Structures are given as structure tokens and as C-alpha cells.
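S.K.: Below are the C-alpha cells for one structure; questions will follow.
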Amino acid sequence: MASSCSFDVVSDFDYQEMVNTVDQVRREIKGRYDLKDTNTVLDLNPTEIVITTNSEFTLDAVTTILQMKAAKRQLSLKIFEYGKIESVSGSRVRQEITLRKGIEAELAKKISKQIRDAFKKIQVSIQGDALRVSGKSRDDLQEVIQFLKQEDCPVALQFENYR
Numbered sequence: 041m042a043s044s045c046s047f048d049v050v051s052d053f054d055y056q057e058m059v060n061t062v063d064q065v066r067r068e069i070k071g072r073y074d075l076k077d078t079n080t081v082l083d084l085n086p087t088e089i090v091i092t093t094n095s096e097f098t099l100d101a102v103t104t105i106l107q108m109k110a111a112k113r114q115l116s117l118k119i120f121e122y123g124k125i126e127s128v129s130g131s132r133v134r135q136e137i138t139l140r141k142g143i144e145a146e147l148a149k150k151i152s153k154q155i156r157d158a159f160k161k162i163q164v165s166i167q168g169d170a171l172r173v174s175g176k177s178r179d180d181l182q183e184v185i186q187f188l189k190q191e192d193c194p195v196a197l198q199f200e201n202y203r
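Using this note's numbering, read the sequence shown as starting at 41 and increasing by one per residue.
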């Protein structure tokens with residue numbers, strides 16, 4: 041096989057699934073007796089979720105619900121980066137949860153080095169916030185995917201454009 045095969049390693053999530061997850065959390069908050077009168081607000085935008093509620097105990101319950109609903113919708117919990125809990129007007133608390141997207145440069149270099157050390161016939165190039173992995177054999181690329189799935193990476197990894 042003379043032609044080269046490749047795939048991209050990315051860290052991304054389905055935004056529509058995140059919208060559905062937040063909607064489910066809002067519905068559960070309205071329906072649960074212990075959370076009904078807490079005036080909890082979830083604001084979602086493409087880069088973060090902001091939770092405002094009346095106590096840290098309620099905030100903990102809401103983040104647990106968020107994690108459960110996200111896991112049921114096949115969203116990795118590694119995309120959530122929790123900010124510190126801030127006090128806002130009165131006894132209310134607020135927390136920003138950043139939604140991670142993309143592979144940072146330092147992490148990309150580390151993953152690239154791990155692949156090159158483990159697989160001598162594979163080439164890895166960093167392209168923005170993704171990695172392009174290429175080689176002559178599709179079997180070698182399958183081994184790289186299995187290797188990356190076994191590694192404990194701080195971000196959720198997906199494999200796209202397998203050619």
C-alpha cells in the first residue's frame with residue numbers, strides 16, 4: 041500500500057447535546073421538591089455554563105445532576121472545568137463551568153511525543169487545536185487509536201477524518 045492513511049485527534053463535544061442536557065437539568069430542578077424553590081438559574085453559552093443558586097449545597101446537587109445528564113447523553117465529564125464558587129447578592133452563590141474544546145499546545149506536544157515514542161512508523165503533526173496522525177498502514181493507525189483510548193488524557197479525545 042503506497043498511499044498514506046491518516047486521521048485527526050480532536051477534543052470537541054456536540055453543542056446540541058449540551059443544550060439538551062441543560063434543558064433536562066432545568067426540568068429536573070423544577071420537578072424536584074428539594075430544588076423547586078431555590079431560584080436556580082442555568083445560563084448556557086458556547087464556552088461556559090453559569091449556575092446561580094441559593095446555597096453551596098444546592099449548587100452541589102445541581103452539578104451532580106448536570107454530570108449525570110451529560111453522561112447519559114454520551115458527553116465526557118472531562119469537558120467540564122469548574123471555576124471557584126463566588127458569593128453574589130445576598131446569600132446566593134454562583135459558579136462558572138468552562139466547556140473545554142480543543143487540545144492545548146502543551147498537551148498536543150505531549151501526546152505527539154507519546155505517539156512517536158510508541159510507534160516508529162507513524163508521523164504526527166500539530167494543526168491548531170488538533171493533531172493529524174498519518175502512516176502507511178491502517179492497522180498501525182488502529183493501534184494508535186487504541187493506545188490513545190487507554191491513555192488517561194485530561195481532555196476528551198475523538199478521532200475524525202479516518203482515511
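Note that beta-carbon positions come from the ideal geometry of N, C-alpha and C, so glycine has one too. Predicted model, so just to flag it, every value in this text is computed and none were measured.
#1: Confirm, please, whether the CB-CB distance from Glu183 to Val50 is below 8 Å.
#2: Which word fits Gln214, buried or exposed, when buried means at least 16 other C-beta atoms lie within 10 angstroms of its C-beta?
#3: How would you label Thr80, buried or exposed, when you count the other beta carbons within 10 angstroms and need 16 or more for buried?
#4: Express the C-alpha separation of Ser174 and Leu139 in angstroms, rounding to a whole number.
#5: Which of helix, strand or coil does DSSP assign to Ala42?
#6: What span of residues does the beta strand (DSSP E) with Arg134 cover, start to end?
#7: Using a threshold of 8 Å, state whether the C-beta atoms of Ser152 and Ile162 are closer than that.
#8: Can you check DSSP and say which residues form a bridge with Asn85?
#9: Taking Gly175 as part of the beta strand (DSSP E), name the residues at either end of that continuous run.
#10: Roughly how many whole angstroms lie between the Cα atoms of Ile89 and Ser95?
#11: Check this for me: beta carbons of Val59 and Leu84, under 8 Å apart or not?
#12: Note down, in chain order, each residue of its chain lying with its Cβ closer than 8 Å to the Cβ of Val65, except the 5 sequence neighbours on either side.
#13: On the premise that Lys141 lies in contact with Phe53, defined as a C-beta separation below 8 Å, what is that separation, rounded to the nearest angstrom?
#14: Looking at the structure shown, is Ile166 part of a helix, part of a strand, or coil, going by DSSP?
#15: Hey, how far is the Cα of Thr98 from the Cα of Val133?
#16: DSSP three-state label for Leu191, please.
#17: Using only the alpha-carbon positions, how far apart do Glu121 and Arg72 sit?
M.R.: Working from what's here:
#1: No.
#2: There is no way to answer for residue 214, as the model of the chain reaches only from 41 to 203.
#3: Under this definition Thr80 is a buried residue.
#4: Whole-angstrom Cα-Cα distance: 29 Å.
#5: In this prediction, Ala42 has a pLDDT of 44, which is less than 50 and means its spatial position is unreliable; what the coordinates show is noted afterwards. Looking at Ala42 - three-state DSSP - the assignment turns out to be coil, as it is neither helix nor strand.
#6: Start and end: 133 to 139.
#7: Result no, Cβ atoms of Ser152 and Ile162 do not sit closer than 8 Å.
#8: The beta-bridge partner set that DSSP reports for Asn85 consists of Glu88.
#9: Start and end: 170 to 175.
#10: A straight-line Cα-Cα distance of about 17 Å links Ile89 and Ser95.
#11: Going by C-beta atoms, Val59 is nearer than 8 Å to Leu84.
#12: Within the same chain, Val65 has close Cβ partners Leu82, Val102, Ile105, Leu106, Lys109.
#13: Yes, they are in contact, since the Cβ atoms of Phe53 and Lys141 sit about 7 Å apart, within 8 Å.
#14: Here Ile166 carries a strand assignment [DSSP, helix/strand/coil].
#15: Rounded to whole angstroms, Thr98 and Val133 show a C-alpha spacing of 9 Å.
#16: The amino acid occupying residue 191 in the given sequence is Glu; Leu does not appear at that position. Residue state, collapsed to three classes: coil.
#17: Cα-Cα distance, rounded: 26 Å.
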